[in-house]
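Comments concern the structure below.
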Amino acid sequence: MTRSEALDLIRRHLKNKNLVKHCLAVESCMRAAAARLGRDPEPWGLAGLVHDLDYELTEKSPDLHTTETVKILEAEGLAPDIIHAVRAHAAKVPCESLMDWAIFAIDPLTGLIIAAALMHPDKKLKSIDLEFVKRRYKEKSFARGARREEIEECRRLGLELDEFIALALAAMQGIDAELGL
Numbered sequence: 133m134t135r136s137e138a139l140d141l142i143r144r145h146l147k148n149k150n151l152v153k154h155c156l157a158v159e160s161c162m163r164a165a166a167a168r169l170g171r172d173p174e175p176w177g178l179a180g181l182v183h184d185l186d187y188e189l190t191e192k193s194p195d196l197h198t199t200e201t202v203k204i205l206e207a208e209g210l211a212p213d214i215i216h217a218v219r220a221h222a223a224k225v226p227c228e229s230l231m232d233w234a235i236f237a238i239d240p241l242t243g244l245i246i247a248a249a250l251m252h253p254d255k256k257l258k259s260i261d262l263e264f265v266k267r268r269y270k271e272k273s274f275a276r277g278a279r280r281e282e283i284e285e286c287r288r289l290g291l292e293l294d295e296f297i298a299l300a301l302a303a304m305q306g307i308d309a310e311l312g313l
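Residue numbers (this note's numbering): 133 to 313.
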């Protein structure tokens, strides 16, 4: 599957523009993590792009999240390691690979970074830095849905929290126009 084909799938299955932007954010962070770890960014990026493909379908039944995605991706012939990572991001299977741990930790981090940007007076990703995000990170009441314990699994990638946040922030700042931030 090419990135273009994955984008077509996303646009067919996700109507919420913010959810599409979330998928783009996870994709960019996954690509950056792969590059940092000396891995191929293509499969990592695809995993990030399609990870929430069935979110709107399963929104009212979170226990079903990723089940429809898996069916679609298997029919498309996507590699098993990408499908496993998609399932791992939602804790449907244990994380086994670096790709699994990356998507597991990146998914909530992108939400925290977006929330931090929206809190800034000009609401721009390029206006925030690592220190700004870290201050928000330490506020337990801020972006409660961004599960800190999952973000901290970045250590499974051999990355310290500061480096991981900086990597994700830079990746998202690189696509700020696509994210509308």
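Just so it is clear, CB atoms sit at the ideal spot from N, CA and C, and this is done for glycine as well.
This one's a predicted model, so the numbers in the text were calculated from it and none came from an experiment.
Exercise. Which residues mark the beginning and the end of the alpha helix (DSSP H) in which I235 is found?
Worked result: By 1-based counting over the sequence shown, the position of residue 235 is 103. Segment L230 to M251, the alpha helix (DSSP H) holding I235.
Problem set entry | Reduced DSSP category for S160 - H, G, I as helix; E, B as strand; rest coil | Within the sequence shown, residue 160 is the residue found at index 28, counting from 1. Residue state, collapsed to three classes: helix.
Exercise. Does the separation of the CB atoms of C161 and A298 fall below 8 Å?
Worked result: Here the question's residue 161 lines up with position 29 in the sequence shown. Here the question's residue 298 lines up with position 166 in the sequence shown. Contact: no.
Problem set entry | E208 versus M133: straight-line alpha-carbon distance, rounded | Taking the sequence shown and counting its residues from 1, the one referred to as residue 208 is at position 76. Taking the sequence shown and counting its residues from 1, the one referred to as residue 133 is at position 1. Cα to Cα, the separation comes out at about 7 Å.
Problem set entry | Spatial neighbours of W233 in its chain, beta-carbon cut-off 7 Å, leaving aside the 5 residues before and after | Position 101 of the sequence shown, counted from the first residue, corresponds to residue 233. In its chain, beyond the 5 residues on either side, C227, E285, R288 and L289 have a beta carbon closer than 7 Å to the beta carbon of W233.
Exercise. Mind checking whether the beta-carbon of L289 lies closer than 7 Å to any heavy atom of the ligand ATP?
Worked result: This structure does not include the ligand ATP; it has no bound ligands of any sort.
For this session: Express the C-alpha separation of L169 and Y269 in angstroms, rounding to a whole number.
Result: Position 137 of the sequence shown holds residue 269. Position 37 of the sequence shown holds residue 169. Near 24 Å, if we compare the C-alpha coordinates of L169 and Y269.
Exercise. Nearest-angstrom Cα distance between L313 and R219?
Worked result: Position 181 of the sequence shown, counted from the first residue, corresponds to residue 313. Position 87 of the sequence shown, counted from the first residue, corresponds to residue 219. Cα to Cα, the separation comes out at about 28 Å.
For this session: Measure from the alpha carbon of V152 to the alpha carbon of each residue in E292, T190, L244 and L181, then state which is nearest.
Result: The residue given as residue 152 occupies position 20 in the sequence shown. Closest option to V152, Cα to Cα, is L181.
Exercise. Hey, how far is the Cα of A309 from the Cα of V225?
Worked result: As a working note, residue 309 is residue 177 in the sequence shown. As a working note, residue 225 is residue 93 in the sequence shown. Their backbone Cα atoms lie some 34 Å apart in a straight line.
Exercise. Can you round the beta-carbon distance between A278 and A247 to whole angstroms, since I take them to be within the 8 Å contact cut?
Worked result: Taking the sequence shown and counting its residues from 1, the one referred to as residue 278 is at position 146. Taking the sequence shown and counting its residues from 1, the one referred to as residue 247 is at position 115. Their Cβ separation, rounded to whole angstroms, is 7 Å, which keeps A278 and A247 in contact under 8 Å.
For this session: Count the other CB atoms, across all protein chains shown, that sit within 10 Å of the CB of P212; report buried if there are 16 or more and exposed otherwise.
Result: Mapped onto the sequence shown, residue 212 falls at position 80. Burial call: exposed.
Problem set entry | Every unbroken beta strand (DSSP E) inside the stretch 182-206 [3 residues or more] | As far as the stretch 182-206 is concerned, it has no whole beta strand (DSSP E) run of at least 3 residues.
Problem set entry | Presumed contact (8 Å Cβ cut-off) between A237 and I307, rounded CB distance | Residue 237 sits at position 105 when you count from the first residue of the sequence shown. Residue 307 sits at position 175 when you count from the first residue of the sequence shown. Incorrect: roughly 19 Å between the Cβ atoms, too far for contact.
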